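Visitor:
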Amino acid sequence: MIFRLSSWGKQSPNWRSGNLKRRKIHLILFMKFQQIAYGSPAYHKALLLRDVVLREPLGLALKDDDLSQEASQWHFGLFDGDYLIASVIAAPKSKELIQLRQMAVSGQFQGQGCGRKLVEMLEKNLRGKGFQKIILHARIQVFEFYIRLGYIPLGEPFVEVGIPHQRMQKTISQPRS
19 MIFRLSSWGK
29 QSPNWRSGNL
39 KRRKIHLILF
49 MKFQQIAYGS
59 PAYHKALLLR
69 DVVLREPLGL
79 ALKDDDLSQE
89 ASQWHFGLFD
99 GDYLIASVIA
109 APKSKELIQL
119 RQMAVSGQFQ
129 GQGCGRKLVE
139 MLEKNLRGKG
149 FQKIILHARI
159 QVFEFYIRLG
169 YIPLGEPFVE
179 VGIPHQRMQK
189 TISQPRS
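Below you can see the structure in the form of structure tokens.
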């Protein structure tokens, strides 16, 4: 699926005047949401994106993790041409329940609505597959992002990969009669 995302608000310095006047830049992207095949070139792009966005800031590396379970999980991405803007993993837990993992948005696209669009498109895809509920472990610094998308916190915060997380869930469809 291809769609256009328009976003106002990115600030850029105007160097000509010698000061840091800020001006708004209009960003228009034509992006494509698609499933990523495990082991494909796009999967390796997603690994790199996840490593840069999620692991390196913590002094960790994905190469140190056992990723063998990812072969049975679903990988999705948001692309601008061949460029991977954002990625996420969906790990089925049952016929009705799925867990989102490893959500990452490329640094220059953060705050532009790309993460929101990826989650919305993924939820639509998962509803079509019959899933009713999504769970995830949100890093505390992105907790509000998921609240705005309708996710609710479950239980108390906990530590995972050395940083605080909050378990969250969202009902995306009702049981079929």
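Following the working numbering, the numbering of the sequence shown begins with 19 at its first residue and continues without gaps. The beta-carbon is built from N, C-alpha and C at its ideal position, and this holds for glycine as well. Note that the coordinates shown come from a computational prediction; the quantities given were computed from them, not determined experimentally.
1. Can you say whether G129 is buried or exposed, counting buried as having 16 or more other CB atoms within 10 angstroms of its CB?
2. Can you give the Cα-Cα distance for E178 and L154, rounded to whole angstroms?
3. Would E141 be called buried (16 or more neighbouring beta carbons within 10 Å of its own) or exposed?
4. Within a Cβ cutoff of 8 Å, which residues of the same chain sit near S35, ignoring the five residues on either side of it in sequence?
5. Inspect the CB distances between the region 86-104 and the region 169-177 and report whether three or more fall short of 8 Å.
6. In the DSSP output, which residue or residues are listed as bridge partners for Q120?
7. For G168, which residues of its own chain have a beta-carbon under 7 Å away from its beta-carbon, when the five flanking residues on both sides are left out?
Guide: Taking the coordinates as given:
1. exposed
2. 12 Å
3. buried
4. For S35, the predicted structure reports a pLDDT of 40, less than 50, and the residue's modelled location is therefore unreliable. The matter cannot be settled from this model.
5. no
6. None; Q120 has no bridge partner.
7. K188
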